[in-house]
Structures are given as C-alpha cells and as structure tokens.
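Count along the sequence shown from 1, add 666, and you get the number used in my numbering.
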Amino acid sequence: MEDESFGIGVNVGIHLYQQKVITAHKCREPLVIGDSLYYVQDGRERLAEFLEKICK
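Shown next, in the form of structure tokens:
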C-alpha cells in the first residue's frame, strides 16, 4: 500500500510540474527554478529565432 501511495504521489507531482511548464510557455512567462529564469520555446519559435540571428 505504501509503494502504491508513493507512486501516486510521484505521478501527481510530475503532473503538477508539467502543468507549470506548459502554463509558463503558453503565457510566454519565464519558468522560475531557484534563482534562474527559463523560457520554453517550441520548434517553430526556436527556428525563427535562429534564422533571425543568421539573417542579421
């Protein structure tokens, strides 16, 4: 029973952090981990940024 409860707790914790990352990306807000800010980009956003840097 303890192993099952632990597994459920880990699963819920992972799901909560997944939602935090997805929400930060959708709102174009940084994901704060400790004192650092992280921004999540999808492939299209990353490609556009890369091409913009090359074309300058």
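Virtual Cβ for every residue (Gly too), placed ideally from N, Cα, C.
Please confirm if S702 has its CB atom under 8 Å from at least one CB of chain B.
Among the protein chains of the structure shown there is no chain B, as only one such chain exists.
Which of the three DSSP states, helix, strand or coil, is assigned to V706?
Start at 1 with the first residue of the sequence shown, and residue 706 comes out as number 40. Coil at V706, not helix or strand.
Thinking C-beta only, is V706 closer than 8 Å to L697?
Position 31 of the sequence shown, counted from the start, is the residue given in the question as residue 697. Position 40 of the sequence shown, counted from the start, is the residue given in the question as residue 706. Yes. Within cutoff.
Which residues does DSSP pair with I699 in a beta bridge?
As a working mapping, residue 699 is identified with position 33 in the sequence shown. For I699, which the question treats as bridged, DSSP gives the partners S702.
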